Amino acid sequence: MQMLEVIDLKVRYGAMEAVKGVSFSLGRGETLGIVGESGSGKSTIAKTLIGLEKPFSGTIACNAKSVQMVFQDAVGSLNPRMTVRQTLDEVFKVKKASKRSVKELLDIVGLSPAVLEQYPREMSGGQCQRVSIARALACEPDVLIADEPVSALDVSVQARILNLLRELRHELDLSILLIAHDLAVVKNVCDRVCVMQRGIFVDAG
6 MQMLEVIDLK VRYGAMEAVK GVSFSLGRGE TLGIVGESGS GKSTIAKTLI GLEKPFSGTI
66 ACNAKSVQMV FQDAVGSLNP RMTVRQTLDE VFKVKKASKR SVKELLDIVG LSPAVLEQYP
126 REMSGGQCQR VSIARALACE PDVLIADEPV SALDVSVQAR ILNLLRELRH ELDLSILLIA
186 HDLAVVKNVC DRVCVMQRGI FVDAG
């Protein structure tokens with residue numbers, strides 16, 4: 006079953022065409038990588054899939070009940086005035102989710118309950134990214150879009166976050182769209198990888 010199917014997607018910023026007619030699909034339980042240098046259009050695709058950008062043309066078919074996104078700047082994506090507990094509780098109130106408790110979510114992403122009363126500034130980048138993933142999982146998504154989730158992290162921490170995404174895919178039957186600028190980062194995590202340059206896919210496999 007295809008969770009996402011994108012056909013001939015084009016996205017423009019004024020006269021500039023950032024995405025020039027790309028097509029791809031994401032199956033249930035699959036991890037698809039989109040790799041490219043900065044400005045290639047890969048993050049624009051991600052933002053369009055969750056409604057932060059509007060497509061100029063093309064079709065996006067989504068069979069997922071929920072699509073959530075994890076951003077590159079994990080620290081910046083968290084409210085600096087809220088503790089981890091407050092951040093996760095807010096999701097439960099707004100989305101009226103989840104079947105899981107806050108402590109269960111922390112266990113899933115490999116964090117100790119000790120972080121619940123901490124603020125983003127008191128945690129490492131890797132811990133903040135795990136909190137961001139827990140926040141996304143609170144909505145019980147079928148599809149998780151991870152937009153360069155490890156590019157701001159140390160190499161050793163990168164491996165741990167990528168291993169976590171691999172484990173979550175199997176444990177929760179998640180479909181994951183993993184966006185990165187380095188093929189070496191994603192090749193061992195993804196089932197398929199699309200290479201993007203200047204708004205188009207130049208290679209896929």
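With our numbering applied, the sequence shown covers 6 to 210.
Note that the Cβ used here is the ideal one computed from N, Cα and C, for glycine as well.
Computed from a prediction, not measured in an experiment: that's the story for all the values here.
Residue state for cysteine 133 is assigned as helix, using DSSP reduced to three classes. The residue among Val148, Arg197, Val136, Leu142 with its C-alpha nearest the C-alpha of cysteine 67 is Val148.
In the DSSP assignment, serine 48 falls within the unbroken alpha helix (DSSP H) covering 47 to 54. A Cβ-Cβ separation of about 6 Å places threonine 36 in contact with leucine 183 under the 8 Å criterion. The stretch 183 to 193 makes no contact with the stretch 21 to 32: fewer than 3 CB pairs, one atom from each, lie closer than 8 Å. Taking C-beta separations shorter than 6 Å and ignoring five residues to either side along the sequence, asparagine 84 has no partners in its chain.
Residues Ala102, Arg140, Ala143, Cys144 of the same chain have their beta carbon placed closer than 7 Å to that of valine 96, with the five preceding and five following residues left out of the count. Annotation for glutamine 7: the continuous beta strand (DSSP E) segment containing it runs 7 to 18. By the neighbour-count criterion, in which a residue is buried when 16 or more other Cβ atoms sit within 10 angstroms of its Cβ, methionine 74 is buried.
The beta carbons of glycine 32 and serine 129 sit about 34 Å from each other, so the pair does not count as a contact at 8 Å.
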